[in-house]
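Step one of this worksheet: look at the structure below.
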Amino acid sequence: VDSLEKPRRVLIMVKAGKPVDSVIEQLEPLLEAGDIIIDAGNSHYEDTRRREAALAKKDLHFVGIGVSGGEEGALNGPSIMPGGSKESYDALGPLLEKIAAHVDGKPCCAWIGTDGAGHFVKMVHNGIEYADMQVIGEAFDLLRSGAGIEPADQAKIFEEWNKGELASFLIEIS
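Okay, structure coming up:
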């Protein structure tokens, strides 16, 4: 940590819950006022709020970042949803925007807000994604059990759907 440029920016991506708190406890004595701890894991936004408030009392910044994109995001850039203070985003934004996916030349990254907002938006994103996957699964089931359509023909139907207004990454990978 001593070798990092100040203000130091320390990124952690560990399992949500106690492991995040444990890493923070280990980092705290090594950090100074103005340094930034970035949690890019899947922490619950209430935990992020608690950590952000506790670390602010010690003049440390805490940024909860939602990261979305899976394998494709790892290869081509994820969607990044940073929370934390605006001051923290001003320090981190240029780097995060370089890492993020770009659409029409614009980064898929924007400051979301304080008080756990980054992880809150990621939670909402996941809820919508899981609902979409459930609908797609039910469509497959209805085509098979309701309409008697064979899997190979279902694939053709989904290919057609993915060429029109239903086109989406989730339809594409189904």
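The working numbering numbers the first residue of the sequence shown as 246 and each following residue consecutively.
Where is the CB? At the ideal position from N, CA and C, for every residue including glycine.
For residue i, the nearest candidate out of the options (CA to CA)
i, options, result
"Ala-285", "Ile-373, Arg-295, Ile-310", "Ile-310"
"Glu-332", "Gly-350, Glu-316, Ala-301, Ser-324", "Ala-301"
"Val-348", "Asp-335, Lys-303, Pro-323, Gly-315", "Pro-323"
"Arg-254", "Asn-371, Ile-281, Glu-316", "Ile-281"
"Ser-330", "Val-366, Ala-298, Leu-388, Pro-274", "Ala-298"
"Tyr-334", "Ser-313, Gly-363, Gly-318, Leu-249", "Gly-363"
"Met-368", "Trp-356, Ser-313, Gly-358", "Ser-313"
"Asp-377", "Ala-412, Leu-272, Pro-252", "Ala-412"
Sequence-distant residues of its chain with Cβ nearer than 7 Å to residue i (five each side left out)
i, result
"Arg-294", "Asp-360, Gly-361"
"Asp-304", "Ala-278, Gly-279"
"Val-259", "Val-265, Val-268, Gly-286"
"Gly-350", "none"
"Glu-291", "Gly-361"
Span of the alpha helix (DSSP H), counted from its first residue to its last, around residue i
i, result
"Arg-254", "No alpha helix (DSSP H) contains Arg-254, which is instead part of the beta strand (DSSP E) from 254 to 257."
"Gly-442", "Only positions 246 to 419 of the chain appear in this structure, which leaves residue 442 out of reach."
"Asp-284", "Not the alpha helix (DSSP H): Asp-284 falls in the beta strand (DSSP E), residues 281 to 284."
"Lys-251", "Here Lys-251 belongs to no alpha helix (DSSP H), and DSSP marks it neither H nor E."
"Leu-276", "It is not in any alpha helix (DSSP H) - Leu-276 carries neither H nor E in the DSSP assignment."
"Ala-299", "290 to 301"
Own chain, CB closer than 6 Å to residue i, minus 5 neighbours either side, in chain order
i, result
"Pro-352", "Glu-342, Ala-345"
"Leu-388", "Ile-394, Gln-399"
"Cys-354", "Ile-325, Leu-341, Glu-342, Ala-345"
Residue burial classification, residue i (beta-carbon count within 10 angstroms, cutoff 16)
i, result
"Leu-276", "buried"
"Phe-307", "buried"
"Phe-414", "exposed"
"Lys-263", "exposed"
"Val-366", "buried"
"Leu-337", "buried"
"Ser-288", "buried"
"Gly-328", "buried"
"Ile-373", "exposed"
Spatial neighbours of residue i in its chain, beta-carbon cut-off 8 Å, leaving aside the 5 residues before and after
i, result
"Ser-419", "Ile-381, Phe-385, Phe-403"
Boundaries (first-last residue) of the beta strand (DSSP E) holding residue i
i, result
"Ser-313", "306 to 313"
- Message: As an exercise, report each continuous alpha helix (DSSP H) stretch of at least 4 residues that is fully enclosed by the segment 336 to 410, in chain order.
- Response: 362 to 386, 396 to 406
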